[in-house]
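*Asks:*
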Amino acid sequence: MWRRAASLSPFISSSGSLIRNHQTAYNLKIWESFTTEIPTQVKGGKGPFICFVLGGPGSGKGTQCAKIVKNYGLTHLSAGELLRREIASNSEYGTTILNTIKEGKIVPSEVTVSLIQKEMESSDSKKFLIDGFPRSEENRAAFERIMGAEPDIVLFFDCPEEEMVNRVLNRNEGRVDDNIDTVRKRLQVFKALNLPVINYYARRGKLYTKVLHSDQCSGNSR
5 MWRRAASLSP FISSSGSLIR NHQTAYNLKI WESFTTEIPT QVKGGKGPFI CFVLGGPGSG
65 KGTQCAKIVK NYGLTHLSAG ELLRREIASN SEYGTTILNT IKEGKIVPSE VTVSLIQKEM
125 ESSDSKKFLI DGFPRSEENR AAFERIMGAE PDIVLFFDCP EEEMVNRVLN RNEGRVDDNI
185 DTVRKRLQVF KALNLPVINY YARRGKLYTK VLHSDQCSGN SR
């Protein structure tokens, strides 16, 4: 069940789910599915339809994005995959990205936005599901400044913290940032920097949140 949020700041917790008491505390409007919201906005806008997808490492964003793409025909752009592709290219950008990730830090906004922009401009699609971005207010501001656009919808997937840690460590994908110390750092960074972004979009009426339990986080564990 999706719920529309006006603000999430009182409900971020340090253990268990990143959000607590979600059923009673938010004063949220229930959003049962995408069947009315996404098709209406996709058809109504002149520019590209942009949906940001947020969630901690291992929260199941990839699994949920695959379902959305299948049902609604959006083009999935994973910020993490774009960064990893750049690392694999052995470019100067790639080296900078690799060193930043190893330190558990966020890649410079201009780098990530430029990669997203390149993918959007080279695509024939006009409907984009952008996964794992923005991760900070700086990311958000850079996207709006460089792209000259805001997202139409922002989705936030919540998942118990220990579940996220275990799933990242057990996914066996060989990523450079899949070790316990780096995962913990990534969670700390996520909680510290994502809250302002989440609240910003909540205040603008663009944010929808869904708490994912372990059985819903299966599959691709991004």
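Numbering of the sequence shown is given in the working numbering, commencing with residue 5 and proceeding in unit increments. Glycine included, C-beta positions come from ideal geometry on N, C-alpha and C.
Between residue 130 and residue 60, what straight-line distance do the alpha-carbon atoms span, to the nearest angstrom?
*Replies:* As a working mapping, residue 130 is identified with position 126 in the sequence shown. As a working mapping, residue 60 is identified with position 56 in the sequence shown. Each residue's Cα considered, the two are about 27 Å apart.
*Asks:* May I ask you to report which of helix, strand or coil DSSP gives residue 78?
*Replies:* For this step, residue 78 is matched to residue 74 along the sequence shown. It is coil, neither helix nor strand.
*Asks:* Just verifying my parser: in three-state terms, what is the DSSP assignment at residue 161?
*Replies:* In the sequence shown, the residue the question calls residue 161 occupies position 157. In the structure shown, residue 161 sits in a strand (DSSP, three-state: E or B).
*Asks:* Using 10 angstroms around the beta-carbon of residue 68, count the other beta-carbons present and answer buried if the total reaches 16, otherwise exposed.
*Replies:* Residue mapping note: residue 68 aligns to position 64 of the sequence shown, counting from 1. Buried is the call here.
*Asks:* Taking all protein chains shown into account, do 16 or more other C-beta atoms lie within 10 angstroms of the C-beta of residue 64, making it buried, or fewer, making it exposed?
*Replies:* As a first step, residue 64 must be located in the sequence shown, where it is residue number 60. Burial call: buried.
*Asks:* Have a look at 214, 194, 132 and flag the residue whose alpha-carbon is nearest the alpha-carbon of residue 155.
*Replies:* Within the sequence shown, residue 155 is the residue found at index 151, counting from 1. Nearest C-alpha to residue 155: 132.
*Asks:* Quick one: residues in its chain with C-beta nearer than 6 Å to the C-beta of residue 231, no 5 flanking neighbours on either side, listed in chain order?
*Replies:* This structure does not reach residue 231, given that the chain is present from 5 up to 226, and the question cannot be answered.
*Asks:* Buried or exposed, going by whether 16 or more other CB atoms sit within 10 Å of the CB of residue 84?
*Replies:* In the sequence shown, counting from the first residue as 1, residue 84 sits at position 80. Residue 84 is buried by the Cβ-count criterion.
*Asks:* Cα separation between residue 193 and residue 126?
*Replies:* Within the sequence shown, residue 193 is the residue found at index 189, counting from 1. Within the sequence shown, residue 126 is the residue found at index 122, counting from 1. In a straight line, the C-alpha of residue 193 is about 31 Å away from that of residue 126.
*Asks:* Between residue 191 and the rest of its own chain, which residues show a CB-CB distance below 8 Å, the 5 nearest in sequence each way excluded?
*Replies:* What you label residue 191 is simply residue 187 of the sequence shown in a count that begins at 1. The residues are 60, 61, 165, 168, 169.
*Asks:* For residue 55, list the residues DSSP reports as bridge partners.
*Replies:* The sequence position of residue 55 within the sequence shown is 51, counting from 1. According to DSSP, residue 55 bridges with 133, 157.
*Asks:* Would the beta-carbon of residue 71 be found less than 7 Å away from any heavy atom of the ligand NAP?
*Replies:* Here there are no bound small molecules, and the ligand NAP is not part of this structure.
*Asks:* To which residues of the same chain is residue 121 closer than 8 Å at the C-beta, ignoring the five residues directly before and after it?
*Replies:* Position 117 of the sequence shown, counted from the start, is the residue given in the question as residue 121. Answer for residue 121: 150, 151, listed in chain order.
*Asks:* Out of curiosity, what's the CA-to-CA distance linking residue 98 and residue 135?
*Replies:* Numbered from its first residue, the sequence shown carries residue 98 at position 94. Numbered from its first residue, the sequence shown carries residue 135 at position 131. The straight-line gap from Cα to Cα measures roughly 19 Å.
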